[in-house]
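Under full-length UniProt numbering, think of the first position of the sequence shown as 1, with each following residue one higher.
Every residue, glycine too, gets a C-beta built ideally from N, C-alpha and C.
Everything below concerns the one structure shown next.
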Amino acid sequence: MDAASWEPANDVEHALRRVLLDGDQRAYLDILGTAPLYVPTEASAYQEGRAALFVWDIDGMRFAPVFTSPDALELAVAEHGQSADAYHVVTYPQLVEIWPDPTLRLAIDPNLPIGAFLNIDDIATGADLLTAAELGVAFTPSNPVEELLAEAAAAGDSSGFLDALVASVVLLPISRPLSGVEDIESPGFPWRDLPGAAEPTIAVFTSPERLAEAWPDVPPSAPVPVVRLADAWPDARYRLVVNPGSVLEATFAGDELRGLVDWGQDMLSRYDESRASVPRAVERAAPPLVMLQKVLAHGEADHYVRGGRHTVTGFVYPYDPVGRATPAGLYAALDLGPDDGFDPADPEVHLLRWPAHRPELYRLAVGGPDEATRAANDGWMIEPAPFRGGGATSAGVPQLKADSVAVPHDAVLVRLGADGEERLVASYDADHGAWVPVATVDLRSALVGP
Numbered sequence: 001m002d003a004a005s006w007e008p009a010n011d012v013e014h015a016l017r018r019v020l021l022d023g024d025q026r027a028y029l030d031i032l033g034t035a036p037l038y039v040p041t042e043a044s045a046y047q048e049g050r051a052a053l054f055v056w057d058i059d060g061m062r063f064a065p066v067f068t069s070p071d072a073l074e075l076a077v078a079e080h081g082q083s084a085d086a087y088h089v090v091t092y093p094q095l096v097e098i099w100p101d102p103t104l105r106l107a108i109d110p111n112l113p114i115g116a117f118l119n120i121d122d123i124a125t126g127a128d129l130l131t132a133a134e135l136g137v138a139f140t141p142s143n144p145v146e147e148l149l150a151e152a153a154a155a156g157d158s159s160g161f162l163d164a165l166v167a168s169v170v171l172l173p174i175s176r177p178l179s180g181v182e183d184i185e186s187p188g189f190p191w192r193d194l195p196g197a198a199e200p201t202i203a204v205f206t207s208p209e210r211l212a213e214a215w216p217d218v219p220p221s222a223p224v225p226v227v228r229l230a231d232a233w234p235d236a237r238y239r240l241v242v243n244p245g246s247v248l249e250a251t252f253a254g255d256e257l258r259g260l261v262d263w264g265q266d267m268l269s270r271y272d273e274s275r276a277s278v279p280r281a282v283e284r285a286a287p288p289l290v291m292l293q294k295v296l297a298h299g300e301a302d303h304y305v306r307g308g309r310h311t312v313t314g315f316v317y318p319y320d321p322v323g324r325a326t327p328a329g330l331y332a333a334l335d336l337g338p339d340d341g342f343d344p345a346d347p348e349v350h351l352l353r354w355p356a357h358r359p360e361l362y363r364l365a366v367g368g369p370d371e372a373t374r375a376a377n378d379g380w381m382i383e384p385a386p387f388r389g390g391g392a393t394s395a396g397v398p399q400l401k402a403d404s405v406a407v408p409h410d411a412v413l414v415r416l417g418a419d420g421e422e423r424l425v426a427s428y429d430a431d432h433g434a435w436v437p438v439a440t441v442d443l444r445s446a447l448v449g450p
C-alpha cells in the first residue's frame with residue numbers, strides 16, 4: 001500500500017478524514033487531543049543510551065513524526081527510508097510532558113491525506129485557530145457547545161441555541177467548595193449570587209474561559225447538567241444568566257426555568273422518535289469523537305490484558321468532564337466507595353478508555369435505586385444506591401450505561417496513580433482480537449534519552 005491508495009486503518013483515522021473533508025480544523029485537533037498516538041522508535045536506542053525519538057528534516061525544518069495507527073507508522077517510516085522495530089503508544093498530554101525541544105515540530109501522519117504539521121502546543125491551543133466572524137466580534141469558542149451556541153446566535157436560531165444549552169453541562173459558581181456527599185439538591189447547597197447584578201441573579205458558564213472573563217477572582221464552581229440545574233432551581237425570584245458579559249449571554253426569568261426541563265424532555269423525544277435524525281446539539285454537545293472511560297475494579301485489568309476480555313458493561317462516563325485526577329478524586333466525582341471495592345487511599349486504579357463511535361449504545365442512566373424513584377424520574381433502570389437516577393453523579397458528571405458493548409480498535413487501558421500520573425498499560429488491536437501491552441520503561445528516557 002502507498003499513500004495514494006491509503007484507507008483509514010481505524011475509527012480515529014476515519015474521524016480525522018471526515019472532519020478534514022468538512023473543513024473542521026477544531027474538531028481535527030480535538031480528536032488528536034484524546035486519541036492514542038503511535039511514536040516510532042528503535043528498540044536498541046534505549047539500551048544504547050541514545051534518544052529513540054525519530055527526527056526528520058522536512059523542507060528545512062525539524063519534525064518528530066507521530067502516527068494514528070501502526071499501519072500509518074509503517075508506511076511513512078518505510079517511505080522515509082527507515083525502519084522502526086518498536087513503537088510507544090502515548091497520549092497527547094504525555095507527549096507534551098516529554099517533548100525535548102520547543103523548536104522541534106510535530107508531524108502527524110506525514111505523507112498521508114490526514115497528515116498535519118504542527119507546533120507541539122497547537123493541539124492544546126487549537127481554539128486560537130478559530131474565529132467567530134459571524135458574530136461580528138472577536139470571540140473564540142472554547143468547546144463544541146460554545147461552537148453550537150455561537151453558530152445559533154449568529155443565525156438567529158433560538159431553537160438551536162436552546163438545544164445546545166439544554167444538552168450541556170455548565171459551571172455553577174458556589175460560595176464554598178462542596179463536600180464529597182453534597183450535590184445541588186442537598187439542603188444548604190452553597191448557591192452564590194452574581195455580584196453587582198441589579199436583581200437577584202445566579203450565573204452559570206459554558207467553559208472555564210467564560211467564567212474567568214466574567215469573574216476574574218474565580219470562585220469555586222460545580223459542573224451541573226442544565227436540566228438538573230433547572231429542576232433544582234432554588235427560588236423563582238432569582239433569574240438565571242448564562243455567560244454574563246459574553247456574546248453568548250442568555251437570561252431566563254426564574255419562572256421560565258421549568259421550561260428548560262420541558263425542552264430537554266422534548267429533545268429526548270425527538271431523539272427517541274428518530275435515531276437517524278438526532279437533534280444537532282445532542283450529536284455535537286461533545287467533541288466529534290467522544291472518549292468514554294470506565295473505572296475498573298481492582299484486578300479487572302488482568303481480565304482484559306491476560307484474559308482477552310473485549311467488552312464493557314456497567315456505568316461509563318465521558319472522559320473530558322472527569323479529566324485527569326487521582327484515584328480519590330475520581331472516586332468522589334463518580335460516587336464510588338468501599339461498597340464498590342474502592343478506597344480513597346488506593347495507590348492506583350485502572351481505567352478503560354475508548355472512542356464512542358456509536359453513542360446510541362450508551363444510554364443515559366435515568367431511573368433510581370427503587371421502583372418509586374425510577375417512576376418519579378420517568379426512568380428505565382433500577383440500580384442499588386448510591387445510584388441517583390438523574391443521569392449524572394453527585395458531582396454533575398454525566399452517567400451512561402453500557403451493556404456488553406464491544407470495545408473498538410485502539411481502546412486503551414490506563415493506570416492512574418495516587419500522584420495523578422497516568423501510564424498506558426495496553427491498547428486493543430481489533431484486527432487480532434488482542435490487547436497489546438505497552439512497554440513499562442520510563443517514557444521520557446525511552447524517547448528522548450536518559
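{"Asked": "Three-state secondary structure (DSSP) at D11?", "Found": "helix"}
{"Asked": "Relative to the alpha-carbon of P65, which residue among G33, R105 and D30 has its alpha-carbon at the smallest distance?", "Found": "R105"}
{"Asked": "Can you have a look at V436 and say buried or exposed, based on whether 16 or more other CB atoms are within 10 angstroms of its CB?", "Found": "exposed"}
{"Asked": "With DSSP as the reference, label F189 as helix, strand or coil.", "Found": "coil"}
{"Asked": "Taking buried to mean at least 16 other C-beta atoms within 10 Å of its own C-beta, is residue 456 buried or exposed?", "Found": "No answer is possible for residue 456: it lies beyond the span of the chain, which begins at 1 and ends at 450."}
{"Asked": "Do G396 and P223 have their C-beta atoms within less than 8 Å of each other?", "Found": "yes"}
{"Asked": "Tell me whether T34 sits in a helix, a strand or coil according to DSSP, three-state version.", "Found": "helix"}
{"Asked": "If I follow the unbroken alpha helix (DSSP H) through T373, where does it start and stop?", "Found": "E371 to A376"}
{"Asked": "Helix, strand or coil: which one does DSSP assign to F159?", "Found": "Note that residue 159 corresponds to Ser in the displayed sequence, not to Phe. S159: helix per DSSP, three-state reduction."}
{"Asked": "How would you write the range of the beta strand (DSSP E) that H303 sits in, first residue to last?", "Found": "No beta strand (DSSP E) holds H303; the alpha helix (DSSP H) holding it covers E300 to V305."}
{"Asked": "Here's the rule I'm using: 16 or more other beta-carbon atoms within 10 Å means buried, otherwise exposed. How should residue 492 be labelled?", "Found": "Because the chain is modelled from 1 through 450, residue 492 falls outside the range shown and cannot be assessed."}
{"Asked": "Here's the rule I'm using: 16 or more other beta-carbon atoms within 10 Å means buried, otherwise exposed. How should W233 be labelled?", "Found": "buried"}
{"Asked": "I believe E209 touches S142 by the beta-carbon criterion, under 8 Å. Please report the beta-carbon distance rounded to the nearest angstrom.", "Found": "4 Å"}
{"Asked": "Taking 8 Å as the threshold (C-beta atoms), are Y428 and H310 in contact?", "Found": "yes"}
{"Asked": "Between V241, G329, E13 and P398, which has its C-alpha nearest A197's C-alpha?", "Found": "V241"}
{"Asked": "So which of D71, V261, V39 and P70 has the shortest CA-CA distance to F63?", "Found": "V39"}
{"Asked": "Helix, strand or coil for Q25 per DSSP?", "Found": "helix"}
{"Asked": "Under the rule that 16 or more other beta-carbon atoms within 10 Å means buried, what is S159, buried or exposed?", "Found": "exposed"}
{"Asked": "By Cβ distance below 6 Å, which residues in the same chain neighbour R423 in space, the five residues on each side in sequence not counted?", "Found": "R415"}
{"Asked": "Which residue's Cα is closest to the Cα of G245: A385, D235, L194 and G341?", "Found": "L194"}
{"Asked": "Buried or exposed for E13, please, with buried defined as at least 16 other CB atoms from any protein chain shown within 10 angstroms of its CB.", "Found": "buried"}
{"Asked": "With which residues is L424 paired in a DSSP beta bridge?", "Found": "V414"}
{"Asked": "Taking Cβ to Cβ, would you say L292 is nearer than 8 Å to A345?", "Found": "no"}
{"Asked": "Return the chain-ordered list of same chain residues with a C-beta closer than 8 Å to the C-beta of A153, the five sequence neighbours on each side being excluded.", "Found": "L135, F161, V247 and L248"}
{"Asked": "Less than 8 Å between C-beta atoms, sequence neighbours within five positions excluded: which residues of the same chain meet that for G308?", "Found": "G433, A434 and W435"}
{"Asked": "What residues are listed by DSSP as bridge partners for L240?", "Found": "I202 and F252"}
{"Asked": "Quick check on the burial criterion: 16 or more other C-beta atoms within 10 angstroms. Buried or exposed for G389?", "Found": "buried"}
{"Asked": "To the nearest whole angstrom, what separates the beta carbons of D255 and A230, a pair I think is in contact under 8 Å?", "Found": "Not a contact, Cβ separation roughly 11 Å."}
{"Asked": "Grouping DSSP H, G and I as helix and E and B as strand, with all else coil, what is Y87?", "Found": "strand"}
{"Asked": "Taking the beta strand (DSSP E) that L118 falls in, what are its first and last residues?", "Found": "A116 to L118"}
{"Asked": "Within the same chain, show all residues whose beta-carbon is closer than 8 Å to that of T251, passing over the 5 residues directly before and after it, in chain order.", "Found": "R239, L240, V241 and V242"}
{"Asked": "Could you pull out every residue in the same chain whose Cβ sits closer than 8 Å to the Cβ of W380, ignoring the five residues on either side in sequence?", "Found": "R363, V366, G367 and R374"}
{"Asked": "Spatial neighbours of T131 within its chain, please: C-beta separation below 6 Å, excluding the five flanking residues on both sides.", "Found": "Because the pLDDT of T131 is 26, which lies under 50, any placement of that residue in the model is unreliable, and the question is left without a value."}
{"Asked": "Shortest alpha-carbon distance to T326 belongs to which of A150, L351 and D340?", "Found": "L351"}
{"Asked": "I'd like the span of the alpha helix (DSSP H) that includes A167, first residue to last.", "Found": "Neither: A167 is in no alpha helix (DSSP H) and is coded neither H nor E."}
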